Amino acid sequence: MSSNRPAAIIVLAAGEGTRMKSATPKVLHELCGRSMVGHVVTAAGELAPERLVVVVGHGREQVTDHLARLDAKVQTAVQHERRGTAHAVRTALHALAAEGGAPTGTVLVTCGDTPLQTSATLGALAERHTTEGNAVTVLTMELPDATGYGRVVREPDGSVAEIVEHKDASTDTLAIREVSSGVFAFDGELLAEALTKVGTDNSQGEEYLPDVLRILRAEGHRVGAELAADPRELVGINNRVQLAQARRLLNDRLVERAMLAGATVVDPASTWIDATVTFEPDALVQPGCQLLGATHVAAFAEVGPGTQLKDCTVGEGALVVHTVADTAVIGTGAKVGPYSYLRPGTLLGTDSKVGGFVEVKNSTLGTGTKVPHLSYVGDATIGEHTNIGASSVVVNYDGEAKHRTTIGSHCRTGADNTFVAPVTVGDGSYTAAGSVITLDVPPGSLGVARGKQRNVAGWVARRRPGSAAAEAAEAALAAAERDQDNA
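Mapping of the sequence shown onto the numbering used here: residues 202 to 688, in sequence order.
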């Protein structure tokens, strides 16, 4: 695409989107891990344009801040009054001229509410525009129901005569199924000149960008068209129903891409993948998974069923079942779940294990270390080949600050232990079941921290007379007495 590199790409994203019925600007609504405008900017950026500008209007502070976080190189132009698409493009050209001169090559104009568009389709439009030497080339699509779209009116020789907005179209024109996608390629200099001649003689009193085609054609310039292979990627989003439909289409595309690259997705219909998720060949995704953000699943790893991972790395051969994890690193061969919760800062070493109903946060587990059952590990460093007993809790918060616990390698901690941080358990140490560890345990030692048991005979009969417990105790004592008499 280097020979067809656009001089500029303009993204129109100033609309309010009232049909979304939302306080959030329409183009900031998300699908598959990116905002609408984020998807468009990403696709446009893959063409490596010399300059990329987004026209903002409604909610411009939010949109501008979002774009700055997305890509600092993206320029914005503010359309203070929404007076139509031609006015928006003129606003963008003025901003470009002010920041580095008006673009003189190919200028692509696309829409910020069409998040399914691909760089391949934009590239095909730019290539046709350059190859045919057009003044303007419109990206078109054929729809079974073209309601709301500008109709593409062609001459007998197939060239584009004009684009008529739906609300300005006659009955015969409304019967046309080929429509404008709202995406165009222009000669930059001719575009700037033609925009000065666009009027507002239409039902809305707005400046329509398709009028540029009529102006350039009347001046003898060539107007061409590129018919998109898949019209679904160019359908705009105006309400939440369409947003959900687009999300499903995009997710299907992402799942298909993953499978064609070698991943196994057992049930694509119940698997949701963000655009930024990556897989290695032979990764396996079971039904009911959500893989979000920058999650990466390595070869021969198995994720799911019923698992949500956000910004996680899953190592080769790891198994993650019925788990929720956020910003965690799961090492090679590690096993997680079922019903585990890995919070940010979790690092699980090779062949480690986090079992059922275990929560881990901001902690490192060494190679082969296991936390098998019903435990909380927070702000801790655990060495290699250590086993943490069931129902153990790391007490990391004193009400004002977090403190760290260190448990060494080859340790065996008893069930129902509480580690009150800051505390260190040395390598090769044991701790007794039911202990509350408040002091450091030296290497190779047994830490015992529990009160001596005493039994108060007859307590139930005295304190709970007539209760089921008292009756059961009385029967058991009687049976024991009979057994002793018969011995």
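Glycine included, each C-beta is placed from N, C-alpha and C at the ideal position.
Computed from a prediction, not measured in an experiment: that's the story for all the values here.
Measure the C-alpha to C-alpha separation of residue i and residue j and round it to an integer number of angstroms.
i	j	result
D527	G507	15 Å
D369	G285	14 Å
R415	L428	19 Å
E420	A395	10 Å
E247	V254	14 Å
P226	H259	7 Å
L340	T315	13 Å
G239	E231	9 Å
R291	L520	54 Å
A447	T265	24 Å
A386	A459	32 Å
L444	P432	16 Å
G234	D475	5 Å
E363	I377	12 Å
V504	C490	8 Å
A209	T311	11 Å
D388	D453	36 Å
V228	R283	15 Å
M202	G324	Only weak support exists for where M202 lies, its pLDDT of 39 falling under 50; the value from the coordinates is given anyway. For M202 and G324, the distance between alpha carbons rounds to 7 Å.
G615	A495	37 Å
L417	R261	32 Å
R683	H574	41 Å
T639	S630	15 Å
I583	A602	20 Å
R613	V515	27 Å
A669	G590	33 Å
T219	G567	53 Å
L297	A303	6 Å
H586	M237	47 Å
G546	T331	50 Å
When DSSP labels each residue in this structure, what does residue i get in the three-state scheme?
i	result
I416	helix
G234	coil
A581	strand
V485	Residue 485 is actually Leu in this sequence, not Val. Here L485 sits in strand by DSSP.
P411	coil
H574	strand
E601	coil
R206	coil
T332	helix
V478	coil
Q443	helix
T319	coil
E405	The question names Glu, but residue 405 is Gln in the sequence shown. DSSP places Q405 in coil when its eight states are reduced to three.
A152	Residue 152 lies beyond the residue range present for the chain, which begins at 202 and ends at 688; the question has no answer from this structure.
T496	coil
G324	helix
R448	helix
R291	helix
V456	helix
A303	coil
Buried or exposed: which applies to residue i, given that a residue is buried once 16 or more other Cβ atoms fall within 10 Å of its Cβ?
i	result
G406	exposed
K554	buried
P482	exposed
S360	exposed
A688	exposed
R252	buried
G600	exposed
E675	exposed
N656	exposed
P411	buried
Y577	buried
Q487	buried
D552	buried
P250	buried
P207	buried
A499	buried
A347	buried
So, under 8 Å CB-CB, residue i and residue j are touching, yes? Tell me the CB distance rounded to an integer number of Å.
i	j	result
V436	L317	7 Å
V353	V413	Going by Cβ atoms, the distance from V353 to V413 rounds to 14 Å, so no, they are not a contact pair.
H288	Q280	7 Å
R544	V561	7 Å
Y409	V380	At roughly 14 Å, the Cβ-Cβ gap does not stay under 8 Å, so Y409 and V380 are not in contact.
T565	S541	About 16 Å separates the two Cβ atoms, so there is no contact after all.
I211	A273	No, I211 and A273 are not in contact; Cβ-Cβ is about 18 Å, not under 8 Å.
A622	V596	6 Å
For the stretch 624-672, which segments carrying the beta strand (DSSP E) assignment without a break, of at least 3 residues, lie completely within its bounds, in sequence order? 624-626
As an exercise, report each continuous beta strand (DSSP E) stretch of at least 3 residues that is fully enclosed by the stretch 344-401, in chain order. 352-355, 361-365, 379-388
Ignoring anything shorter than 3 residues or poking outside the stretch 501-548, list the beta strand (DSSP E) runs there in chain order. Counting only runs of 3 or more, we get 509-511, 524-527, 541-543.
Jot down the residue ranges of each uninterrupted beta strand (DSSP E) in the stretch 210-288, minimum 3 residues, whole runs only, in chain order. Correct list: 253-257, 276-279.
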